[in-house]
Amino acid sequence: MHDAGLGQFLLLITAAVIVSSAFRRIKIPPVLAYLTVGLAVGPSALGWVSDLDQIQILAEFGVVFLLFSLGLEFSLAKMLALRKVVFGLGGWQVAISSLLVYGIALLFNASQEEAIIVAGALALSSTAVVSKELVNRNELGQSHGILSMGVLLFQDLAAVIFLILVPFLAGESDSSFLLALAITLGKGLLLFALMLALGKYLLPVLFNEVAKARSDELFVLTVLMVSLLAAALTHSFGLSMALGAFIAGMMLSETHYKHQIEADIRPFRDLLLGLFFISVGMIVDFSEVLRNWHWILLFTFLLIALKSLIIGLLAFRFRRDLPTAIKTGLYLAQGGEFGFALFALGERHGIVSKQFGAIVISTVILSITLTPALVALARKLSSKTPKVESSSREARIDSITDACAELENHAIVCGFGRVGQMVARFLRQSHSPLVAIDNDAVRVKEASAAGEPIHYGDSRRADILKALGLSRARLLIITYNDVDKSLKVIQQVREENIDVPILVRTTDDSQVERLKEAGATEVVPEILEAGLMLVSQVMALMGTSPRTIHRQIEEARRNRYKLLHGYYPGVNSQLLNAEGVPLEKLHAVTLPEGAYACHKSLANLKLGECVIDCVHRDKEELTPQQILELQPGDTLILHGSAQQVEQAENKLLGG
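Per numbering that gives the first Met the number 0, the sequence shown starts with residue 0, numbered consecutively.
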């Protein structure tokens with residue numbers, strides 16, 4: 000890379016670090032930070048970066064890696080189950096949105112050719128932005144996440160058709176449009192079959208061999224090679240690079256390397272995706288924006304209003320509830336990055352005027368910028384939406400009621416992921432009656448086909464819980480990863496004045512008190528329970544009697560896992576858990592000669608909320624109660640949050 004190119008790249012990275020840090024402090028999504036950097040340093044503003052070509056080439060790989068990561072979440076079986084969403088909902092959305100935008104563009108005196116390109120550009124949504132929001136919020140498996148991804152996948156296919164159409168609109172192609180389309184679709188089917196065969200037979204063998212080498216560098220290089228080769232292959236066939244990466248990820252989704260691949264690709268994905276959003280901000284022409292700002296605002300409002308309405312109505316019609324329809328509509332209301340490529344091609348062929356193109360591109364960018372706000376609005380509106388039901392929802396509730404009518408003293412399992420399925424298997428072995436509820440349509444379909452007593456629905460809804468026979472149930476088991484979701488289920492049950500015992504699974508013990516206060520009977524932190532099971536096996540192998548093992552394990556549970564609280568942190572240890580609560584840690588502090596705490600009692604030190612677990616003196620471990628006076632050379636084991644431990648250490652050493 001030339002010195003100028005390197006300087007510009009470093010400038011972008013530095014600006015991104017500063018702006019994203021500032022935005023993070025005031026809780027503004029990082030996407031807006033990247034767009035702001037692009038707007039500021041682009042050719043039409045400060046002009047610090049003038050050559051966009053190198054940046055855009057790198058930026059495009061960000062979308063490639065994002066779609067590769069998303070492919071890891073969608074197996075082939077899951078995609079086949081979603082075919083009605085992809086081609087049904089996605090097809091209707093693109094068709095209706097395109098026709099409506101085409102008509103509006105003609106009303107604003109656009110030529111027919113310009114109107115077609117505008118229709119294609121604005122009918123598509125931003126795969127990069129929406130996918131990132133779904134991933135960040137862990138919503139890919141939820142109803143609106145599944146619908147959104149289905150629509151986005153069809154839009155990626157439709158983008159290819161629009162790009163093929165441009166030369167024909169310009170009258171520069173000798174062959175017919177239908178012939179070109181048929182050839183492209185044929186190449187696409189051939190490519191999909193080829194990648195399916197490679198993914199099923201070659202990729203598992205390749206990754207098995209790479210894994211045997213036990214080299215992290217080789218594994219990462221192989222992941223990069225596979226994702227980029229797949230992208231290059233689809234690109235050579237005239238299809239989207241992102242589509243190829245998605246298919247490659249999908250082929251690897253059923254291998255046991257899935258999670259390692261996802262972890263390895265994440266740093267490249269996040270860095271290059273940030274560059275992608277920066278490059279989007281650079282496209283804006285400020286002179287055109289200032290000249291036509293009123294049209295840009297009007298078109299942005301019309302785009303978001305009409306598109307969210309169309310997608311929302313289609314989603315509701317597609318046998319979904321109103322909150323899901325609202326979320327799907329607002330999540331997909333923006334324009335998409337394929338619109339930039341479509342307009343660039345249109346300008347190159349002389350179909351779209353520069354002024355008209357600048358207005359529509361600015362409209363797309365503004366709508367993309369507003370996406371985090373639209374997502375927040377969608378979540379707020381959906382949570383306050385009255386429970387308006389479609390006929391299919393009412394029929395589903397009636398179906399659940401009928402299926403559970405004869406259940407008595409049964410267990411209700413909320414969430415049928417790995418933990419929920421494990422619980423169900425043991426309940427069946429003991430011949431205990433049960434019913435499960437889950438909002439992953441694909442999982443419900445698969446499990447139901449296998450004979451599992453499972454229904455599709457949201458366990459936070461009172462009518463769903465009632466249909467499951469909550470008033471007659473012996474136990475309610477909540478297995479979700481999401482603590483807020485678990486809390487809403489607990490609150491819904493207790494608001495119905497039902498005293499059924501509620502057993503809640505949580506990741507760690509940071510939310511135990513909160514869940515108990517909400518009404519949970521018992522809370523099981525899975526990390527600590529897994530630790531206790533390992534400890535019991537270790538003690539058994541070390542010759543400890545079963546009675547002693549049982550007594551010590553039960554004592555740890557009775558004391559709310561106090562013995563297991565706090566750990567010595569490592570280089571990569573997190574300071575906060577998934578809910579943003581500070582994690583407790585252990586830290587050893589050795590008192591040097593002259594330390595403030597030397598020759599003082601622990602009671603007089605007043606170390607705040609930090610706890611001293613024990614003191615090591617001359618290879619002996621002493622409890623705090625055994626220490627009358629601290630001596631030089633004593634090692635104190637501090638226990639608390641990072642901030643509490645730091646304050647206590649400063650007090651011990653310096654006063």
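Where is the CB? At the ideal position from N, CA and C, for every residue including glycine.
Since the model is a prediction, treat every value here as computed from it, not as a measurement.
I636: member of the beta strand (DSSP E) spanning T634 to G639, first to last residue. Below 8 angstroms, too few C-beta pairs join the stretch 403 to 420 and the stretch 375 to 385 to call them touching: fewer than three. Residue burial annotation: K131 is buried, with at least 16 other C-beta atoms found within 10 angstroms of its C-beta.
The Cβ atoms of S124 and L331 sit closer than 8 angstroms to each other.
Nearest neighbour of S509 by Cα position, chosen from V523, I497 and A118, turns out to be V523. Per DSSP, K257 is one residue of the alpha helix (DSSP H) stretching across K257 to I282.
Sequence-distant Cβ neighbours of T126 in its own chain, meaning closer than 6 angstroms and more than five residues away, are L151.
The Cβ atoms of A231 and M194 lie no closer than 8 angstroms to each other.
For the pair of segments examined, the stretch 284 to 292 was found not to touch the stretch 102 to 110: the number of CB pairs separated by less than 8 angstroms stays below three. In the same chain as R473, and ignoring 5 residues on each side of it, the C-beta atoms closer than 8 angstroms to its own belong to N408, H409, A410, V499 and P500, in chain order. By the Cβ criterion, the stretch 209 to 222 is not in contact with the stretch 239 to 249, since fewer than three pairs of Cβ atoms, one from each stretch, lie closer than 8 angstroms. For D612, the enclosing beta strand (DSSP E) stretches over residues V610 to R616. Secondary structure note for K584: its beta strand (DSSP E) is the uninterrupted segment K584 to T589.
Your pair L88 and A314 checks out as a contact, with CB atoms roughly 7 angstroms apart and the cut at 8 angstroms.
With 16 or more other Cβ atoms from the protein chains shown falling within 10 Å of its own Cβ, K584 counts as buried. Boundaries around R378 are those of the alpha helix (DSSP H), T370 to K383, since no beta strand (DSSP E) includes it. In the same chain as K487, and ignoring 5 residues on each side of it, the C-beta atoms closer than 6 angstroms to its own belong to R459, in chain order. If you look at Y455, you'll find it in the beta strand (DSSP E) that goes I453 to Y455.
Nearest to P42 by alpha-carbon distance, out of G280, F67, I103 and E516, is G280. Ranked by Cα distance from E261, the options F285, I95 and L66 are led by L66.
Restricted to the stretch 531 to 560, the alpha helix (DSSP H) segments that are unbroken, complete and at least 4 residues in length are 545 to 557, listed in chain order. Distance from the CA atom of R556 to the CA atom of R424, rounded to whole angstroms, is 24 angstroms. Boundaries of the alpha helix (DSSP H) around R424: R417 to Q428. For the pair V537 and G518, the CB atoms are not nearer than the 8 angstroms cut-off. With 16 or more other Cβ atoms inside 10 Å of its own Cβ, M148 counts as buried. Rounded to whole angstroms, E528 and G639 show a C-alpha spacing of 21 angstroms.
Annotated three-state conformation of L464 is helix, per DSSP.
Fewer than three Cβ pairs drawn from the stretch 254 to 274 and the stretch 87 to 107 lie within less than 8 angstroms of each other, which leaves the two stretches out of contact. A residue is called buried when at least 16 other Cβ atoms come within 10 angstroms of its Cβ; K199 does not meet this threshold and is exposed.
Nearest to M224 by alpha-carbon distance, out of K211, F206 and F236, is F206.
R504 is bridged by DSSP to V523. Nearest to H586 by C-alpha distance, out of E648, A192 and A14, is E648.
Between G334 and A120, the gap from beta carbon to beta carbon is short of 8 angstroms.
Looking only at G456, H258, I552 and V222, the smallest Cα-Cα distance to A440 is reached by G456. Here DSSP, grouped into helix, strand and coil, assigns A472 to coil. When DSSP states are grouped into helix, strand and coil, A435 belongs to the strand group.
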